[in-house]
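Q: Please read through the structure below; I'll follow up with questions.
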Amino acid sequence: MKHFIKTFFVGGLGGVVFLLAIAPLAYKYNLLGSARVIDQVIPDRTEVRKVEKEVVTFVSEDGQAEEAIKKSQESLIAIKSFGGGAVLRFGTGIALTRDGLIITVNQVVPVEAQDYQVFSGDKILKAQVVYRNARKNLAILKVTDESLVPATFNEEELTVGNIAWVVGRVVPLQKSELFLNRALVSLVDSQKKRVVLDGRYENYLSGAGLVSKNGLFKGIVYVDGGRIIALPSSFVKEFIDGYLK
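Residue numbers for the sequence shown, in our numbering: 6 to 250.
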């Protein structure tokens, strides 16, 4: 029995040595078709190294959202409209000038409201509507503040399939909070100058900015009958120019 174990051990060790020494040569010169057999047993290490060196780079939507918020948040201002001691409407405004001009959609600041409040940073300020156009659904407010951060509007046209971000502020109690909603451009109506968005509908979206992944404002959002609509920046700029002239 001992002789058998000794013979088995020595024979096995010799087989291993043979494989380590002879197998590479057998593979290289394909002796007796051994290359094909070895290929089936041992993976191709050269191919493995190729895969390990392959690098795929992409920008995640999470990263785009963070960038959109970071570059737009300081220009966003929460708005509340009061009448009869109650909140009639609320939404977001976008700073136009450092010295107190803010733009929003007209439906956020209805004519029947008696008071308008804006929440800028840790300040609550009274606002006055200085210019409005109900047909265009836009309005400009003025507050006494010299520290607003004007938004950067980009007039490059949106196209169907573009991804953008609806970014704004809402006031649950006495402090404004940021919100973000992913939106897909589903229709561009050049004649009516409207952009229809596919995203999560919320009643507090009106007045929010439609922001690109680079943090540029592409338009102003409002809600209408369960739909999310954006007024493109070119349309908004025409309205602003009408006031500033």
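Note that CB positions come from ideal geometry on N, CA and C, so glycine has one too.
Note down the Cα distance separating T164 from L189, rounded to an integer number of angstroms.
A: T164 and L189: Cα-Cα distance of roughly 10 Å.
Q: Return the CA-CA distance between D44 and L221, expressed in angstroms with no decimal places.
A: A caution first: D44 carries a pLDDT of 47, below 50, which makes its placement in the model unreliable, though a value can still be read off. Using only the alpha carbons, I get a separation of about 56 Å.
Q: Please say whether N142 and Y248 have beta carbons closer to each other than 8 Å?
A: No, Cβ-Cβ distance for Y248 and N142 is not below 8 Å.
Q: Could you tell me which of V154, L130, K147 and D246 sits nearest to K76, measuring between CA atoms?
A: Comparing Cα positions, the closest option is V154.
Q: Let me know if D150 comes out buried or exposed under the rule of 16 or more other beta-carbons within 10 Å of its beta-carbon.
A: Flag for D150 reads buried.
Q: By DSSP, does I47 sit in helix, in strand, or in coil?
A: Only weak support exists for where I47 lies, its pLDDT of 45 falling under 50; the coordinates are left without a value.
Q: Decide if the stretch 113 to 124 is in contact with the stretch 83 to 91; the criterion is three or more beta carbon pairs, one per stretch, under 8 Å apart.
A: With a cut-off of 8 Å, the stretch 83 to 91 and the stretch 113 to 124 count as touching, because enough Cβ pairs lie within range.
Q: Is any beta-carbon of chain D found at less than 8 Å from that of Q69?
A: Within the model displayed, chain D is absent; a lone protein chain is all it includes.
Q: Is Q78 near K218, with beta carbons less than 8 Å apart?
A: No.
Q: Using the C-alpha atoms, what's the distance from I99 back to G212?
A: So the two alpha carbons sit approximately 8 Å from each other.
Q: Does the beta-carbon of V172 have 16 or more other beta-carbons within 10 angstroms, so that it is buried, or is it exposed?
A: Looking at its Cβ environment, which holds 16 or more other Cβ atoms inside 10 Å, V172 is buried.
Q: Apply the 10 Å Cβ neighbour rule to L202 and answer buried if 16 or more other Cβ atoms are within range, or exposed otherwise.
A: When all chains shown are included, L202 counts as buried.
Q: Between which two residues does the beta strand (DSSP E) carrying Y121 extend?
A: Its beta strand (DSSP E) spans residues D120 to S125.
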